[in-house]
């Protein structure tokens, strides 16, 4: 049974209960309109707040992206500078390579001369010892 039928049954002549005063249709309509307007305003306010929060998030993301772009541009410049320096170092190394080879050859010659000098020292000590024996 619907509420209207139940209300109609209570307001019948044979009812033992007192009839309840009913609001006029215009009062109900105004109340529904006011409630609807408040609900609409609340939803609009909520949606506006959500949009503002989203806009704020997007602005923050934009600033973070700009900061990242600046940072990576700086890193890119540094990497390019490092590549230039690495190229110059490699070029200098290639220019010095023949001299380095000469130094290596000289070092080997010095090592060989050191060994020969040590052998000569040993041999001269042996000769000196033999000479001392002959003099005695």
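In the UniProt record's numbering, the protein residues as written are 1 to 136. Ideal Cβ positions, reconstructed from N, Cα and C, are used throughout, including at glycine.
I'd like the span of the alpha helix (DSSP H) that includes residue 115, first residue to last.
In the chain shown, residue 115 corresponds to position 115, counting from 1. Start and end: 25-135.
In angstroms with no decimal places, state the Cα-to-Cα distance between residue 77 and residue 71.
For the purposes of this step, residue 77 is identified with residue 77 of the chain shown, where counting begins at 1. For the purposes of this step, residue 71 is identified with residue 71 of the chain shown, where counting begins at 1. In this structure, the straight-line span from the alpha carbon of residue 77 to that of residue 71 is close to 10 angstroms.
Ignore the nearest five residues each way along the sequence and tell me which others in residue 99's own chain have a CB closer than 7 angstroms to its CB.
Within the chain shown, residue 99 is the residue found at index 99, counting from 1. Exclusion of the five residues before and after residue 99 leaves no residue of its chain whose Cβ lies closer than 7 angstroms to its Cβ.
C-alpha gap between residue 135 and residue 127, whole angstroms:
Residue 135 sits at position 135 when you count from the first residue of the chain shown. Residue 127 sits at position 127 when you count from the first residue of the chain shown. Distance between residue 135 and residue 127, taken at the CA atoms: about 12 angstroms.
C-alpha gap between residue 81 and residue 74, whole angstroms
In the chain shown, counting from the first residue as 1, residue 81 sits at position 81. In the chain shown, counting from the first residue as 1, residue 74 sits at position 74. Residue 81 and residue 74: Cα-Cα distance of roughly 11 angstroms.
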